[in-house]
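> If you scroll down you'll find the structure; I have some questions about it.
There are 2 protein chains.
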Amino acid sequence: MKRDGVSRRRQELLDLSARLFAERGYGATTVRDIADEAGILSGSLYHHFPSKEAMVDEILSTFLDDLFSSYREIMARDLGARQKLEAVVVESFECIDKHHHAVAIFQNEAKHLAQSERFSYLNDRGQEFRALWRQILEEGVRSGAFRPHLDLDLVFRFIRDTVWVAVRWYRPGGPLSAQNVAAQYLDILLDGISSRRGRSRVANGMSPAVKEKQRA
Amino acid sequence: MKRDGVSRRRQELLDLSARLFAERGYGATTVRDIADEAGILSGSLYHHFPSKEAMVDEILSTFLDDLFSSYREIMARDLGARQKLEAVVVESFECIDKHHHAVAIFQNEAKHLAQSERFSYLNDRGQEFRALWRQILEEGVRSGAFRPHLDLDLVFRFIRDTVWVAVRWYRPGGPLSAQNVAAQYLDILLDGISSRRGRSRVANGMSPAVKEKQRA
DNA sequence: GTCTATAAAGGGATAGAC
DNA sequence: GTCTATCCCTTTATAGAC
Chain A
2 MKRDGVSRRR
12 QELLDLSARL
22 FAERGYGATT
32 VRDIADEAGI
42 LSGSLYHHFP
52 SKEAMVDEIL
62 STFLDDLFSS
72 YREIMARDLG
82 ARQKLEAVVV
92 ESFECIDKHH
102 HAVAIFQNEA
112 KHLAQSERFS
122 YLNDRGQEFR
132 ALWRQILEEG
142 VRSGAFRPHL
152 DLDLVFRFIR
162 DTVWVAVRWY
172 RPGGPLSAQN
182 VAAQYLDILL
192 DGISSRRGRS
202 RVANGMSPAV
212 KEKQRA
Chain B
2 MKRDGVSRRR
12 QELLDLSARL
22 FAERGYGATT
32 VRDIADEAGI
42 LSGSLYHHFP
52 SKEAMVDEIL
62 STFLDDLFSS
72 YREIMARDLG
82 ARQKLEAVVV
92 ESFECIDKHH
102 HAVAIFQNEA
112 KHLAQSERFS
122 YLNDRGQEFR
132 ALWRQILEEG
142 VRSGAFRPHL
152 DLDLVFRFIR
162 DTVWVAVRWY
172 RPGGPLSAQN
182 VAAQYLDILL
192 DGISSRRGRS
202 RVANGMSPAV
212 KEKQRA
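For the record, the sequence lines run as chains A and B.
Start counting the first sequence at 2; every next residue gets the next number (the working numbering).
Start counting the second sequence at 2; every next residue gets the next number (the working numbering).
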């Protein structure tokens with residue numbers, strides 16, 4: 002009983018601060034803002050958490066543990082590269098739906114937080130994320146599911162950023178489900194927006210003005 | 002002579018603060034940080050600028066004026082939808098190259114800054130940006146350059162976010178030119194990463210597990 | 001679990017000398 | 001164009017009463 006009561010209040014405060022960190026930014030949210038929102042005074046927060054930093058730490062690591070646990074399950078399944086890609090993208094959008102505030106905080110603050118020792122695990126997760134995606138992409142190119150001659154590092158960054166940046170406009174409970182957005186996103190990523198009759202590789206089809214400017 | 006001297010120093014301070022705002026975040030950068038970097042004391046900054054807010058305001062509006070001036074030129078040219086799309090994407094990556102710090106600040110801070118009256122022009126620019134992209138996409142669907150039945154609002158957000166978020170990893174003067182990144186990006190956006198033999202619409206080709214979960 | 005009260009540090013900005 | 005000196009406010013965090 003007592004433990005439930007304690008952790009319930011704790012979790013309430015954590016959810017509430019996650020919302021404020023996501024909406025206003027971690028740095029711009031003061032412990033007084035959090036306390037006001039909870040209807041208590043700022044000093045009382047320190048009964049539950051040792052510091053503001055500890056709060057955002059718990060928010061982020063909870064989200065990341067959940068995400069990577071799901072990713073590892075997918076990678077352990079016996080799927081082709083294309084199916085793995087589809088599954089990971091769907092899982093990512095579902096995670097944006099489920100951990101919306103945490104994902105928003107991660108997107109906005111990870112780069113700065115990761116510079117401090119305490120949040121070095123953010124860099125580790127980034128490495129793990131890259132390895133996972135490279136594996137899927139390389140396997141897909143080998144098997145012929147994806148086009149050859151792709152710059153896989155660029156494709157990786159492209160996919161990573163395009164998926165997660167959706168947290169900026171996606172709204173849980175809104176008109177589009179995570180699965181629907183994932184499907185449309187995969188549609189573009191895999192097949193492009195060009196019509197079949199208009200379809201052509203950019204290297205062949207891009208306007209002369211663009212081609213002239215290329216150097217690399 | 003005197004005017005040049007004044008504006009040169011002013012511009013130095015503006016460039017330097019843009020770098021710090023981009024690297025550390027606007028809120029996390031203090032006027033003392035800026036002054037330290039410039040080798041002067043914080044009070045001296047107020048000889049050049051009325052406030053810290055005025056500095057970031059000037060950085061952002063300079064960048065946006067330049068960007069939209071280029072966009073308007075492109076839209077005034079007599080191009081097909083696909084060529085317009087290519088030109089606008091290339092121009093955007095060139096702008097990331099040219100105004101790297103300003104774009105980074107815009108990406109990280111615009112959402113929060115736009116809530117204050119002073120930065121309401123950020124919302125106006127966002128509207129203008131959306132109108133421009135919708136025009137290109139609608140024209141392309143009508144002309145048959147782009148696939149029919151696309152959710153154009155989603156495609157717009159997809160393109161907007163994927164282009165600008167590249168500021169997080171793109172480095173001016175690095176191994177990839179803006180034009181090269183633009184070309185690869187357009188390649189994926191227009192034709193996808195799927196190989197020709199593996200190619201199929203997601204609605205038909207997605208794994209059953211994904212289709213089952215869709216609700217909308 | 002929350003409050004009162006306050007410490008200690010750091011924030012943006014200003015006035016006037018040089 | 002910069003410095004000296006400082007104001008006033010807000011910040012995170014703490015100690016101990018209730």
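Beta carbons are placed, not taken as given, at the ideal position from N, Cα and C, and that holds for glycine.
Just the C-alpha distance for residue 183 of chain A and residue 49 of chain B, rounded to the nearest angstrom, thanks.
49 Å
> If you draw a straight line from the C-alpha of residue 141 of chain B to the C-alpha of residue 122 of chain A, how long is it?
45 Å
> Is it the case that the region 56-75 of chain A contacts the region 161-180 of chain A, given that we only count it when at least three CB pairs across the two stretches are under 8 Å?
no
> Given a cut-off of 8 Å, decide if residue 186 of chain B and residue 159 of chain A are closer than it, judged by their beta-carbon atoms.
Yes, Cβ-Cβ distance for residue 159 of chain A and residue 186 of chain B is below 8 Å.
> Quick check on residue 93 of chain B: buried or exposed, where buried means 16 or more other Cβ atoms within 10 Å of its Cβ?
buried
> Buried or exposed: residue 148 of chain B, going by 16 or more other Cβ atoms within 10 Å of its Cβ?
buried
> Taking residue 113 of chain A as the query, report the chain B residues whose CB atoms sit under 8 Å from its CB, ordered along the chain.
25, 26, 29
> Only counting runs of 4 or more residues, tell me where the alpha helix (DSSP H) segments fall wholly within the region 125-181 of chain A, in order along the chain.
153-165
> List, in chain order, every chain A residue whose beta-carbon is nearer than 7 Å to that of residue 33 of chain B.
Ordered by position in chain A, no residue passes the 7 Å Cβ test against residue 33 of chain B, which lies about 16 Å from the chain.
> Counting only the same chain and skipping the five closest in sequence on each side, list residues whose C-beta sits under 8 Å from that of residue 119 of chain A.
Taken in chain order, the residues that qualify are 54, 58.
> Spell out the partners DSSP gives residue 62 of chain B in its beta bridges.
Looking at the DSSP assignment, residue 62 of chain B forms no beta bridge with any residue, so it has no partner.
> Just checking: is the beta-carbon of residue 170 of chain A within a distance shorter than 8 Å of some beta-carbon in chain B?
Cβ-Cβ to chain B under 8 Å: yes for residue 170 of chain A.
> Answer yes or no: do residue 20 of chain A and residue 102 of chain A have a C-beta to C-beta separation smaller than 8 Å?
yes
> Using a Cβ-Cβ distance cut-off of 8 Å, determine whether residue 189 of chain B contacts chain A.
yes
> Who are the neighbours of residue 162 of chain B on chain A, taking C-beta pairs under 9 Å?
162, 163, 166, 167, 169, 170
> Going by Cα to Cα distance, which pick from B:180, B:113, B:193 is closest to residue 26 of chain B?
Taking only the C-alpha atoms, the option nearest residue 26 of chain B is B:113.
> Taking a Cβ distance cut-off of 9 Å, strictly less, list which residues of the region 133-150 of chain A are near chain B, in chain order.
138, 141, 142, 144, 145, 146, 147, 148, 149
> What does residue 195 of chain B pair with, by DSSP beta-bridge criteria?
A:147
> Going by DSSP in three states, residue 50 of chain B sits in which element: helix, strand or coil?
Three-state DSSP puts residue 50 of chain B in coil, outside helix and strand.
> Compile a chain-ordered list of the residues in the region 32-57 of chain B whose CB is closer than 8 Å to at least one CB of chain A.
none
> Excluding sequence positions up to five away, which residues of its chain have a Cβ less than 6 Å from the Cβ of residue 137 of chain A?
Around residue 137 of chain A, the same chain offers 82, 85, 86 as residues with beta carbons nearer than 6 Å, after the five sequence neighbours per side are excluded.
> Using a Cβ-Cβ distance under 8 Å, would residue 20 of chain B count as near chain A?
no
> How many whole angstroms separate the CB atoms of residue 104 of chain B and residue 168 of chain B, which I take to be in contact at a CB cut-off of 8 Å?
Cβ atoms of residue 104 of chain B and residue 168 of chain B come within 8 Å of each other, at about 5 Å.
> Output yes or no for whether 8 Å exceeds the beta carbon distance between residue 194 of chain A and residue 191 of chain B.
yes
> Among A:96, A:22, A:110, A:131, which residue has its Cα nearest to the Cα of residue 178 of chain A?
A:96
> From the beta carbon of residue 196 of chain B, is the nearest beta carbon of chain A less than 8 Å away?
At least one beta carbon of chain A lies nearer than 8 Å to the beta carbon of residue 196 of chain B.
> Could you pull the start and end residues of the alpha helix (DSSP H) that residue 118 of chain B belongs to?
Per DSSP, residue 118 of chain B belongs to no alpha helix (DSSP H) and is neither H nor E.
> Counting only beta-carbon separations shorter than 8 Å, does residue 11 of chain A have a partner in chain B?
It does not: the Cβ of residue 11 of chain A has no partner Cβ on chain B nearer than 8 Å.
> Along the region 55-77 of chain A, where does the CB come closer than 7 Å to a CB of chain B? Name the residues.
none
> Can you list, in chain order, the residues of its chain whose CB lies under 6 Å from that of residue 115 of chain B, leaving out five sequence neighbours each side?
123, 124
> Answer with buried or exposed for residue 110 of chain B, where buried requires no fewer than 16 other C-beta atoms within 10 angstroms of its C-beta.
buried
> Just the C-alpha distance for residue 32 of chain A and residue 16 of chain A, rounded to the nearest angstrom, thanks.
14 Å
> Quick check: is the beta carbon of residue 205 of chain A nearer than 8 Å to any beta carbon in chain B?
Per-residue confidence for residue 205 of chain A stands at a pLDDT of 43, beneath the threshold of 50, marking its modelled position as unreliable; the derived number appears in the next sentence. So, not an interface residue.
> Could you pull the start and end residues of the alpha helix (DSSP H) that residue 114 of chain B belongs to?
101-114
> Is there at least one Cβ from chain A nearer than 8 Å to residue 159 of chain B's Cβ?
yes
> Considering only residues of the same chain and omitting the five flanking positions on each side of residue 180 of chain B, which have a CB-CB separation below 8 Å?
91, 94, 95
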